[in-house]
Every structure is written in C-alpha cells, then in structure tokens.
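K.L.:
Pasting in a structure now, in structure tokens, and then I'll have a few things to ask.
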Amino acid sequence: MNDYKNLKEHYRFTPEEEEILKSLQPKMAAVADIFMNEFYDYIWGFGKTAQFLKNKEIIENHRKKIKEWFIHLFNGKYDLQYFLYLYKIGEVHMKIGLPTHYVNSAFTFVRTFVLKHIEDDYANKKEHIKVINAIEKIIDMNLDSLTSSYREEELGRFLSLSKIEKKMLTGLKEFNSYINYFLAGALAIVAFFAIGLFLYDIYLLFFTDMKIEEGILTVLGSLLVLWATIELIHEEINHLQGKGFAIGAFIMLAMAALIRKVLIYSLSSEKGQELLTIGGVIVGLAIAYWLVGAKKKQLRY
Numbered sequence: 001m002n003d004y005k006n007l008k009e010h011y012r013f014t015p016e017e018e019e020i021l022k023s024l025q026p027k028m029a030a031v032a033d034i035f036m037n038e039f040y041d042y043i044w045g046f047g048k049t050a051q052f053l054k055n056k057e058i059i060e061n062h063r064k065k066i067k068e069w070f071i072h073l074f075n076g077k078y079d080l081q082y083f084l085y086l087y088k089i090g091e092v093h094m095k096i097g098l099p100t101h102y103v104n105s106a107f108t109f110v111r112t113f114v115l116k117h118i119e120d121d122y123a124n125k126k127e128h129i130k131v132i133n134a135i136e137k138i139i140d141m142n143l144d145s146l147t148s149s150y151r152e153e154e155l156g157r158f159l160s161l162s163k164i165e166k167k168m169l170t171g172l173k174e175f176n177s178y179i180n181y182f183l184a185g186a187l188a189i190v191a192f193f194a195i196g197l198f199l200y201d202i203y204l205l206f207f208t209d210m211k212i213e214e215g216i217l218t219v220l221g222s223l224l225v226l227w228a229t230i231e232l233i234h235e236e237i238n239h240l241q242g243k244g245f246a247i248g249a250f251i252m253l254a255m256a257a258l259i260r261k262v263l264i265y266s267l268s269s270e271k272g273q274e275l276l277t278i279g280g281v282i283v284g285l286a287i288a289y290w291l292v293g294a295k296k297k298q299l300r301y
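Residue numbering for the sequence shown follows my numbering, beginning at 1 and increasing consecutively.
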C-alpha cells in the first residue's frame, strides 16, 4: 500500500474533496445506526452470510467494525495509515474466503445509502455534484484497496510457480478454451441432427404407413430431445461467459432420449423387458438430476 499516493492521483482525489467528506462526517455519524440496520438487511439477502457470521459474538464484533469503517469513511484524512487499515480489512476478507462478489455488492448498497441521505441537502447543483464526486471517489478507492488483497494473493500464487508449472498452467487454460469451443460446435451439430430427426419423424407420420398414435409419440419424443439439446446449448453459452456449467443439462438430455424410446416402445407388447430396463435407468437419472438441483440450491442459499 505504499502506492496510496498514486491511487489518489489516479482517482484525481483532491484536498478539497477530503474537506468535503470531512464536513459530511457529523451527518453520517448521526445516521450510522440506520445504516447498520439497512446494511445487515441487505447482506443477509446474500444467502451465505451465515457462513461467515456464525454466532452472536462474531455478529456484534462485525457490526462494531462496520460502523467504525462507515464513520471513518468521512474522516477527511486519507494517508498511508488509512489505506493500510483498508488493506488489513481486505486481508481478513481473503482469509475467511469471502467472495469478492459480496464485497462489490455491499459497496453498491453503501454508495446508494450515502447518496440518498445527502440528496436533499444541496440547493446548489454545482455544489451537489462536487459532493457526489467526492463520495464516489472515496467509495471506489475503498473498494479498490479492499480487493487488492485478493489480486495480490492470486498474483503471489502464480509467481511462486516454477517456469514449467507456469507454462503448463497457461497451456492447460488455452487447451481448456479450445475444448469449450469444440464442445459448443459439437452441440450445434447435435442440435442440427435433432432438428433433422424431428423433421424425419414428421415425414414418417404423414408419408408412410406408420400408425398415427406411434407417429405422434415419436414426434413428441424427437421434440423432447430437441428441447433438451437447446437447454444444453444455453448452459454451454453461460459456461463460455464465465458462469458455472450445469451438469443437470446433460442428465436432462439423456432422460429426453430415453423417454423418447419409452414413448415408442410403449406401443409394442414385445418390448416389456426393454421398457422396464429403460424405466429403471430413467428413475436413476431423475434421482441424479434431483440431487444435482438440490446441491445447487444449497450452494445458492
């Protein structure tokens, strides 16, 4: 954090803005308790907050620290000691494994709260804009400082690797990207053939001697496979955008293919054994799909 002067220069943070923030401290201190109540309502909405605030003692200490930080945000003195204080907070977040997403989201609340509580205090528009700029800058610098611990930890881990390990890691990441693009292309091909299967079943229904009930069930089965394929492509798009990949989509596609067979075999009295086998597999896949969904829901909340 010896670069704190550069940080202030990059944000064009001026002594005038320091004075503006200092003048806001009495008002912010007066609404600090309101801030704390609304802040806790906000962060409990994250779902996983209880993993980090496990008992009453931790919560009370956390409330005390957050309130101190909030009032300290407007102290008007932003020197090396202040930024070291922020950096240590960031280190604590990193050690307990607090996701940076939670930190970023919490700062959105802080920004909104502060701006809401000063919006009626300035009749002069230019003066109001100056105050808003000062608030925006100090909040962004706080966020920058808090998350720098995460960046330095990731950089430190990378630099600690040997040259061979770095090359292997970089190569594996590139290879993984190519595999993802290959998978996306393969899914597009599967979707193309699923459309072809659906059209072929339509053809069989209208232009062959296939029984109408068998034809309709076959078409419905093909449509189900096409729908599952589209869902799988949607999940792969999310994966390419950096989101997690849903294994449930693969299970869904497998179930769709098997259900199609069940629909076809259900009209034949000679396929009883096959139907029982396929039915058992579908039940197993359904249980696996439910378990994946339950685990995903548990991680979310």
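By construction, the Cβ of each residue, glycine as well, lies at the ideal position given by its N, Cα and C atoms.
Cutting at 8 Å between CB atoms, please list the residues of its own chain near residue 115, excluding the five before and the five after it.
P.N.:
Excluding positions up to five away in sequence, the list reads 132, 135.
K.L.:
How would you call residue 229, buried or exposed, if buried means at least 16 neighbouring beta carbons within 10 angstroms?
P.N.:
buried
K.L.:
Would you call residue 172 buried or exposed, if buried means 16 or more other Cβ atoms sit within 10 Å of its Cβ?
P.N.:
exposed
K.L.:
Can you tell which of 217, 27, 9, 70 has its C-alpha closest to the C-alpha of residue 36?
P.N.:
70
K.L.:
What are the boundary residues of the alpha helix (DSSP H) that includes residue 75?
P.N.:
Counting along the chain, residue 75 falls outside any alpha helix (DSSP H), and DSSP gives it neither H nor E.
K.L.:
How big is the Cα-Cα spacing for residue 170 and residue 101?
P.N.:
25 Å
K.L.:
Compare the C-alpha of residue 221 against each of 92, 232, 266 and name the closest.
P.N.:
266
K.L.:
Put residue 106 into one of helix, strand or coil per three-state DSSP.
P.N.:
helix
K.L.:
Within its chain, find whatever has a CB closer than 6 Å to the CB of residue 20; leave out the 5 residues flanking it on each side and keep chain order.
P.N.:
Excluding sequence neighbours, residue 20 sits near 131, 134.
K.L.:
Report the option in 74, 5, 277, 24 whose CA atom is closest to the CA atom of residue 118.
P.N.:
24
K.L.:
Leaving aside the five residues before and after residue 312 along the sequence, list all residues of the same chain whose C-beta is less than 8 Å from its C-beta, in chain order.
P.N.:
Outside the displayed range of the chain (1 to 301) lies residue 312, so it cannot be described from this structure.
K.L.:
Quick one: is residue 28 buried, meaning 16 or more other Cβ sit within 10 Å of its Cβ, or exposed?
P.N.:
Buried: at least 16 other Cβ atoms inside 10 Å.
K.L.:
Closer than 8 Å by C-beta to residue 31: which residues in its own chain qualify, once you throw out the five before and the five after it? Chain order, please.
P.N.:
Same-chain partners within the cutoff: 117.
K.L.:
Can you tell me whether residue 299 is helix, strand or coil according to DSSP?
P.N.:
Any reading at residue 299 must be qualified, since the residue scores a pLDDT of 46, below 50, and its modelled position is unreliable; the value itself is stated next. Three-state DSSP puts residue 299 in a helix.
K.L.:
Is the distance from the Cβ of residue 255 to the Cβ of residue 286 below 9 Å?
P.N.:
Yes, the Cβ-Cβ distance between residue 255 and residue 286 is below 9 Å.
K.L.:
Where does residue 180 sit, in a helix, a strand or coil, going by DSSP?
P.N.:
helix
K.L.:
What's the C-alpha gap between residue 226 and residue 195?
P.N.:
7 Å
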